[in-house]
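K.L.:
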Amino acid sequence: MRNRYFSSEPAQNSAALALYESVKDLPLICPHGHVDPRMFADPHYQFGSPVDLLIIPDHYIFRMLYSQDISLNDLGILPLGAAPTSADHRQIWGTVCDNWHLFRATPTGIWLRDELADVFGIDLKINSANAAAIYDAIEERLSRPEFRPRALFERFNIEVLATTDAATDKLEHHQAIRDSGWGGRVIPTFRPDAVVNIDSGGWRASIDLLSEAAGVDVHDCATLIQALEQRRAFFKSMGATATDHAALTAYTEVLSRADAEAIFARALKGEASAKDAARFTGHMLIEMARMSSEDGLVMQLHVGSWRNHNPALFARYGRDMGADIPIRAEFTKNLKPLLDRFAARPDMTLVLFNLDETTYSRELAPLAGHYPILRLGPPWWFFDSWLGMTRFLDAVVETAGIYNLVGFNDDTRAYPSIPTRHDVWRRVCADWLAGQLVRGFIDEEDAFEMIRALAYDLAKQTYRLD
Amino acid sequence: MRNRYFSSEPAQNSAALALYESVKDLPLICPHGHVDPRMFADPHYQFGSPVDLLIIPDHYIFRMLYSQDISLNDLGILPLGAAPTSADHRQIWGTVCDNWHLFRATPTGIWLRDELADVFGIDLKINSANAAAIYDAIEERLSRPEFRPRALFERFNIEVLATTDAATDKLEHHQAIRDSGWGGRVIPTFRPDAVVNIDSGGWRASIDLLSEAAGVDVHDCATLIQALEQRRAFFKSMGATATDHAALTAYTEVLSRADAEAIFARALKGEASAKDAARFTGHMLIEMARMSSEDGLVMQLHVGSWRNHNPALFARYGRDMGADIPIRAEFTKNLKPLLDRFAARPDMTLVLFNLDETTYSRELAPLAGHYPILRLGPPWWFFDSWLGMTRFLDAVVETAGIYNLVGFNDDTRAYPSIPTRHDVWRRVCADWLAGQLVRGFIDEEDAFEMIRALAYDLAKQTYRLD
Amino acid sequence: MRNRYFSSEPAQNSAALALYESVKDLPLICPHGHVDPRMFADPHYQFGSPVDLLIIPDHYIFRMLYSQDISLNDLGILPLGAAPTSADHRQIWGTVCDNWHLFRATPTGIWLRDELADVFGIDLKINSANAAAIYDAIEERLSRPEFRPRALFERFNIEVLATTDAATDKLEHHQAIRDSGWGGRVIPTFRPDAVVNIDSGGWRASIDLLSEAAGVDVHDCATLIQALEQRRAFFKSMGATATDHAALTAYTEVLSRADAEAIFARALKGEASAKDAARFTGHMLIEMARMSSEDGLVMQLHVGSWRNHNPALFARYGRDMGADIPIRAEFTKNLKPLLDRFAARPDMTLVLFNLDETTYSRELAPLAGHYPILRLGPPWWFFDSWLGMTRFLDAVVETAGIYNLVGFNDDTRAYPSIPTRHDVWRRVCADWLAGQLVRGFIDEEDAFEMIRALAYDLAKQTYRLD
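Protein chains in written order, with the working numbering: chain D, 147 to 612; chain V, 147 to 612; chain Y, 147 to 612.
1) Residue 474 of chain Y: which of D:480, D:470, D:472, D:469 sits nearest, CA to CA?
2) Going along chain V, which residues have a C-beta under 8 Å from residue 549 of chain Y?
3) Which of the three DSSP states is assigned to residue 504 of chain Y in this structure?
4) Tell me which same chain residues have a C-beta within less than 7 Å of the C-beta of residue 367 of chain D, skipping the five on either side of it?
5) Bridge partners for residue 332 of chain V per DSSP, in chain order?
6) Would residue 498 of chain D pass as a contact of residue 528 of chain D if the rule is Cβ separation under 8 Å?
7) Closest to residue 185 of chain D by CA distance: which of D:594, D:562, D:569, D:583 is it?
8) Please give me, in chain order, every unbroken run of the alpha helix (DSSP H) with length at least 4 that falls completely inside the region 496-583 of chain D.
9) Just to confirm before moving on: does the CB-CB distance between residue 557 of chain Y and residue 589 of chain Y stay below 8 Å?
10) From residue 509 of chain V to residue 469 of chain D, what does the alpha carbon distance come to, in whole angstroms?
11) Using Cβ-Cβ distances below 8 Å, what residues of the region 475-498 of chain D are close to chain V?
12) Could you please tell me which residues of the region 154-167 of chain D, in chain order, have their CB closer than 7 Å to any CB of chain V?
13) Check each residue of the region 516-529 of chain D: if its Cβ is closer than 7 Å to any Cβ of chain V, include it; give the result in chain order.
14) Can you tell me which residues form a DSSP beta bridge with residue 451 of chain D?
15) Could you name the residues that DSSP lists as bridge partners for residue 312 of chain V?
16) Which two residues bound the contiguous beta strand (DSSP E) that contains residue 178 of chain V?
17) Assuming contact is defined by CB atoms lying nearer than 8 Å, are residue 490 of chain D and residue 553 of chain D in contact in what I supplied?
18) Which of the three DSSP states is assigned to residue 388 of chain D in this structure?
19) Residue 334 of chain Y: buried (16+ other C-beta within 10 angstroms of its C-beta) or exposed?
20) Could you say which of V:448, V:450, V:487 lies nearest to residue 459 of chain D if we only look at CA atoms?
21) Using the C-alpha atoms, what's the distance from residue 181 of chain Y back to residue 246 of chain Y?
22) For residue 502 of chain V, go through chain Y and note every residue whose CB falls closer than 7 Å to its CB, in chain order.
23) Would you verify that the beta carbon of residue 563 of chain D is, or is not, closer than 8 Å to some beta carbon of chain V?
24) For residue 169 of chain V, does the three-state DSSP call read helix, strand or coil?
25) For residue 586 of chain V, decide whether its Cβ has a neighbour in chain D, counting only Cβ atoms nearer than 8 Å.
26) For residue 428 of chain D, which residues in the same chain have their Cβ closer than 6 Å to its Cβ, ignoring the five residues on either side in sequence?
27) What is the DSSP secondary structure of residue 237 of chain V, reduced to helix, strand or coil?
28) Exposed or buried, residue 482 of chain D, counting other C-beta atoms within 10 Å across all chains shown (16 or more means buried)?
29) Report the rounded CA-to-CA distance for residue 206 of chain D versus residue 522 of chain D, giving the unit in angstroms.
30) Tell me the residue span of the alpha helix (DSSP H) that contains residue 614 of chain Y.
31) What residues in the region 533-544 of chain Y bring their beta carbon closer than 7 Å to a beta carbon of chain D?
32) Which partner residues of residue 446 of chain V appear in the DSSP bridge assignment?
33) Assuming residue 230 of chain D is part of the alpha helix (DSSP H), what are its boundary residues?
34) Taking the straight line between their C-alpha atoms, what separation do you get for residue 610 of chain Y and residue 418 of chain V?
35) Quick check: the Cα distance between residue 503 of chain Y and residue 310 of chain Y, rounded to an integer number of angstroms?
36) Does DSSP classify residue 218 of chain Y as helix, strand or coil?
In structure tokens:
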């Protein structure tokens with residue numbers, strides 16, 4: 147249905163369709179996501195079974211099934227250290243389809259349906275009766291060369307795709323992509339969380355990896371900074387235009403050199419407190435902002451997710467098991483030390499993301515509507531949804547305009563869902579702008595320029611992807 | 147008007163009507179409310195005057211009149227300890243009708259209008275001109291046998307109605323209902339607030355009542371637990387399937403046995419601090435969760451109401467005078483100690499309610515969309531309204547789906563308003579699902595199954611009312 | 147377009163138009179704003195250039211341009227202490243028009259467009275191509291006598307306009323207006339922030355001004371109170387019906403006389419702490435409530451703006467530079483000490499404003515729906531917008547009704563935008579009530595009475611402007 151998801155009011159519906167059609171074929175700018183670069187390094191990469199591709203890596207899907215007492219084991223997810231079993235993927239697929247009603251009216255439900263139709267050409271409703279036929283059809287498609295990652299990249303019309311990579315990553319897959327002569331633009335993003343958040347699991351080991359990767363013996367805060375600067379330069383040389391930082395809160399603080407070194411020393415000895423960790427992260431965010439103001443890498447900050455909230459699940463299956471729960475966020479006070487230092491740096495851009503919608507109108511839009519360095523990322527995670535995106539536009543545009551936004555991020559590891567996710571964003575924007583148009587807030591010229599900005603230009607400009 | 151309250155957009159309107167009509171005659175499941183069981187114990191129970199029935203017990207109504215400087219005395223509400231007066235109920239009714247414009251566009255206004263029409267067959271607008279005629283008509287209806295509680299129970303097509311009863315209640319009215327041979331299913335709910343919240347007014351006296359009711363000398367925390375377990379077993383034997391707990395916040399904490407006993411001892415001496423009270427409540431919530439995981443009673447938690455916020459009013463008239471004001475709520479951190487212990491208990495269900503809508507999308511939907519034991523109660527109190535329910539569905543369904551919700555609670559002491567309240571919920575769900583349908587997020591099969599779940603099945607399943 | 151901004155659904159659209167037309171010509175009640183009284187004192191007052199009138203004083207406009215790296219200097223705004231330059235206002239206007247796309251779908255964009263059309267009779271789209279023509283047209287209009295402030299006052303059909311004036315203001319412009327024999331009703335509002343918030347810049351100097359203005363030697367808290375009471379009486383004699391108070395939070399506290407005097411003494415010595423300041427402001431809010439309960443001046447409280455968030459900008463340009471950022475707000479706990487004392491005073495009215503929309507449904511509506519002295523101010527600042535006002539009505543009316551609201555405040559220093567701002571409010575209310583009407587929540591009689599109340603009556607009654 148060409149006009150799916152648009153308002154059922156005829157005037158808005160037809161305006162939305164016209165706006166949507168003006169951008170639906172624009173290339174995809176994917177400035178932030180978690181696709182594995184390995185799949186582009188190897189021209190013969192195969193996705194595995196439909197369950198390998200669509201279920202096992204997708205915590206959006208299995209968390210909902212888990213919430214209704216379906217065990218992760220039954221979905222093909224193995225406990226840490228368990229020997230690989232020959233799980234019956236066809237049976238797992240059946241379990242998923244038997245319970246697909248759980249996803250009614252959810253973005254996960256919409257993405258998979260649209261992805262099956264638009265990417266795989268499968269128009270069957272996902273349910274028990276169709277489970278086997280859908281499985282067979284996906285399996286058949288995946289066996290074809292045109293469903294390999296590079297072929298899909300071209301078919302998806304991706305102009306650029308950024309991965310997210312640890313500060314210690316040697317980027318060998320990115321190097322292999324470059325060496326291969328393939329024309330797709332896949333670039334890394336510098337994410338140093340594992341070495342700057344001293345409470346990360348395995349922090350000490352990450353520091354050793356960093357020393358090795360940077361060729362700098364990291365033994366104090368000064369050498370940490372030196373190593374990070376070295377790695378940023380390397381990432382930049384490999385095409386990176388951005389960094390990404392995750393923190394529980396947006397707290398920033400300028401530590402004295404002595405305090406920073408004392409905390410680092412305690413961390414090395416395994417004696418750092420939770421407060422040490424929060425302060426050190428806040429200090430490193432300011433250091434990272436300083437580096438961005440110098441090297442021009444766009445800084446992204448994602449805050450507000452309490453990771454691994456379910457300790458029993460974490461102990462058994464590890465991280466990213468759908469047990470990350472949002473908390474309240476605050477920016478006006480927390481970001482002030484950073485803004486006090488870098489508000490006026492002309493070459494700096496800081497893109498903010500969080501999981502507390504109350505910040506949209508109260509803090510984020512007023513901040514972005516004043517500070518030149520700030521831009522607002524699109525709705526993140528649970529809010530990457532029709533209503534979530536609509537609420538975001540409702541909450542921020544009146545105060546910040548659309549030109550302090552950054553367009554869309556698909557932010558996904560589910561590679562074949564990328565076109566669907568961009569399509570939903572483009573449809574939301576079309577519908578929202580059509581509402582503005584038919585009510586007379588904006589005119590047609592405005593609306594067509596705005597949808598192009600939201601669908602394509604803002605992402606490209608903000609992330610310096612020209 | 148058959149299609150009242152639905153979107154005026156014709157496609158959505160007709161879809162909503164079809165959905166609504168598929169569920170409007172389903173029986174009512176009333177798993178949580180405050181109807182007085184006495185009215186079913188006595189087959190000849192009479193409601194008193196229209197003011198006795200509709201005004202004096204309804205703090206939704208008199209708080210709004212009070213906010214506009216109408217005194218509670220003028221509404222027939224007597225100060226504590228005042229001698230009963232022969233207030234002129236016809237004059238009170240006139241005062242209410244003279245000021246009924248205050249309720250324009252409020253749920254209270256809608257409920258009373260719909261109740262008069264649908265239950266009492268009175269189609270007059272509530273205003274000064276019609277005050278006497280409406281009073282007379284209600285009075286006439288109330289004199290008829292078919293307006294006695296049991297007759298209405300059958301006419302309302304109530305399948306089951308749960309009351310809310312103190313842990314110390316002997317449930318003699320429930321016993322009388324059972325003994326009477328009447329077929330209506332009225333069951334108790336176990337609510338131990340008065341004995342587990344050590345800062346409750348009259349806590350010490352409640353402990354004595356508990357000792358007596360349980361036949362256990364409650365003198366420390368261990369005997370308190372023992373008495374509560376005994377009472378739960380008794381409630382269960384009387385048909386209870388659930389417990390209910392009110393707390394200012396969702397704070398939970400596992401106290402050591404020594405700490406718990408020390409606090410209890412201070413409470414007995416009247417020396418417990420506010421912090422003691424908060425910690426003890428948090429500890430008892432975990433004990434209650436443990437008991438629920440053992441006896442299978444569904445646990446309900448209502449948080450976020452600052453009770454009796456107006457001290458002058460409280461001193462003069464007592465509690466439940468419309469002066470309870472919401473506060474901010476938090477679950478991600480506060481519930482973690484409880485979830486850490488009981489997240490994986492297959493027989494446990496915890497239903498969450500609160501008065502801070504910001505928690506819907508930020509905390510509640512992600513929590514319920516992960517933890518098997520969690521379900522989300524419908525919008526509570528001020529949010530039991532057309533827009534409140536619509537915002538709730540908008541905020542939670544995309545993340546939690548509808549199958550982690552519990553359908554509807556009428557949560558009322560206003561017995562004759564029960565069908566109206568369920569009707570509003572069913573209409574909201576029909577309108578909301580129709581919006582999803584006409585935009586193409588769901589199809590007709592989905593929509594009809596979802597409305598049945600929201601109107602009937604989920605409440606019955608969650609509260610184990612089969 | 148007569149029906150601009152209304153829902154595109156035909157039934158709602160025509161109902162909205164009928165409601166709007168019933169109130170569009172009612173006089174404007176302007177009970178709170180920041181228009182300079184000087185412009186009415188001088189019958190020959192001239193507005194200066196279009197940039198002097200529309201850009202330089204409007205932080206809504208220049209903050210957005212600043213957020214996109216356009217310097218304030220280029221907009222005609224001079225650093226503190228800079229010598230006046232002969233900036234080319236025509237060029238500044240060109241810069242603004244070149245960047246006017248930034249304001250698409252913002253209230254600022256709508257206000258200026260509607261103001262140009264409705265006040266200045268200029269129907270050109272604001273863009274680069276039309277910049278010069280628009281500038282010329284405005285300039286031509288401003289040269290005409292019918293565009294002087296008093297002539298516009300009459301053309302705008304302003305019934306009463308309240309300014310906002312420091313407690314130390316001698317109100318000589320108000321006196322001049324009275325003496326002039328002109329019939330326009332322009333009244334002062336008493337705003338004592340500079341003398342009661344001991345952390346205000348220049349507090350010590352303001353105290354000296356207060357001593358002089360009141361004829362009271364203010365040297366301690368008791369003489370401060372005495373001076374304030376004297377000034378309130380003077381303001382009242384000059385026509386004031388209200389006071390206004392700004393605070394970072396709604397915190398209130400009753401200090402002992404000794405504590406209050408100790409803090410005041412520390413403040414005089416320049417030794418008061420941030421905590422002292424917060425407590426003293428909280429104490430003075432209670433004193434001000436006490437005075438309002440005695441002299442009948444309506445008390446307004448605006449909380450939640452972190453003023454001058456950007457220190458570099460503040461140092462260079464001073465205050466009100468578009469760098470005020472909202473913070474979270476709380477009322478249930480913070481206002482309790484004040485409410486405990488004055489909840490029942492029949493002659494007292496307290497109007498609440500803040501910048502945290504989460505308080506609307508959670509705290510403000512329940513508080514106003516109970517306490518007789520409380521009324522809710524319209525959405526403030528960033529929320530004085532189509533969607534902001536719609537969200538406000540959605541969030542508060544179901545709980546507080548409309549009769550605990552105060553209608554509209556334009557709250558602006560942009561005098562010629564006043565009719566446009568009231569027009570947007572009247573259109574929002576018409577559209578919102580039309581939605582209630584076509585869905586059957588209210589009937590026509592209700593809707594027409596409600597829009598009149600929201601457009602005119604409630605402001606006049608609340609602010610005692612009869």
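Note that the Cβ used here is the ideal one computed from N, Cα and C, for glycine as well.
Small disclaimer: the values here were computed from a predicted structure and weren't measured.
P.N.:
Walking through what the data contain:
1) Closest in alpha carbon position to residue 474 of chain Y, among D:480, D:470, D:472, D:469, is D:480.
2) Neighbours of residue 549 of chain Y on chain V, chain order: 214, 247, 248.
3) Residue 504 of chain Y: helix per DSSP, three-state reduction.
4) Once the five neighbours on either side are set aside, the close Cβ partners of residue 367 of chain D are 406, 407, 410.
5) DSSP output for residue 332 of chain V lists V:307 as bridge partner(s).
6) Going by C-beta atoms, residue 498 of chain D is not nearer than 8 Å to residue 528 of chain D.
7) Nearest to residue 185 of chain D by alpha-carbon distance, out of D:594, D:562, D:569, D:583, is D:562.
8) Complete alpha helix (DSSP H) runs here, min 4: 511-514, 532-546.
9) Taking 8 Å as the cut-off, the Cβ atoms of residue 557 of chain Y and residue 589 of chain Y do not count as close.
10) A direct Cα-to-Cα measurement between residue 509 of chain V and residue 469 of chain D gives close to 12 Å.
11) Correct list: empty, as no residue qualifies.
12) Taking 7 Å as the Cβ-Cβ cut-off against chain V, the residues of the region 154-167 of chain D that qualify are 154, 155.
13) Within the region 516-529 of chain D, the residues whose Cβ lies closer than 7 Å to some Cβ of chain V are 528, listed in chain order.
14) D:472, per the DSSP bridge assignment.
15) When DSSP reads this structure, residue 312 of chain V sits in a beta bridge with V:337.
16) First-last for residue 178 of chain V: undefined, no H or E at that position.
17) Not in contact: residue 490 of chain D and residue 553 of chain D (Cβ atoms no closer than 8 Å).
18) Assignment of residue 388 of chain D by DSSP, reduced to helix, strand and coil, places it in the strand class.
19) Per the 10 Å Cβ criterion, buried.
20) Of the listed residues, the one whose Cα sits closest to residue 459 of chain D is V:487.
21) Those two C-alpha atoms are separated by around 25 Å.
22) Residues of chain Y passing the Cβ test: 508.
23) Residue 563 of chain D does not count as touching chain V.
24) In this structure, residue 169 of chain V counts as helix in the three-state DSSP scheme.
25) Cβ-Cβ to chain D under 8 Å: yes for residue 586 of chain V.
26) If we look at residue 428 of chain D and ignore the five residues flanking it on each side, its Cβ neighbours are 397, 398, 399.
27) Residue 237 of chain V: helix per DSSP, three-state reduction.
28) Around the beta carbon of residue 482 of chain D, 16 or more other beta carbons lie within 10 angstroms, which makes this residue buried.
29) Going by the C-alpha atoms only, they are around 24 Å apart.
30) Outside the modelled stretch of chain Y, which goes from 147 to 612, sits residue 614 of chain Y, for which no answer is possible.
31) Under the 7 Å Cβ criterion, the region 533-544 of chain Y contributes 533, 534.
32) Looking at the DSSP assignment, residue 446 of chain V forms a beta bridge with V:390, V:497.
33) Unbroken run through residue 230 of chain D: none, as it is neither H nor E.
34) Roughly 48 Å separates the two Cα atoms.
35) Roughly 25 Å between the two C-alpha positions.
36) Residue state for residue 218 of chain Y is assigned as coil, using DSSP reduced to three classes.
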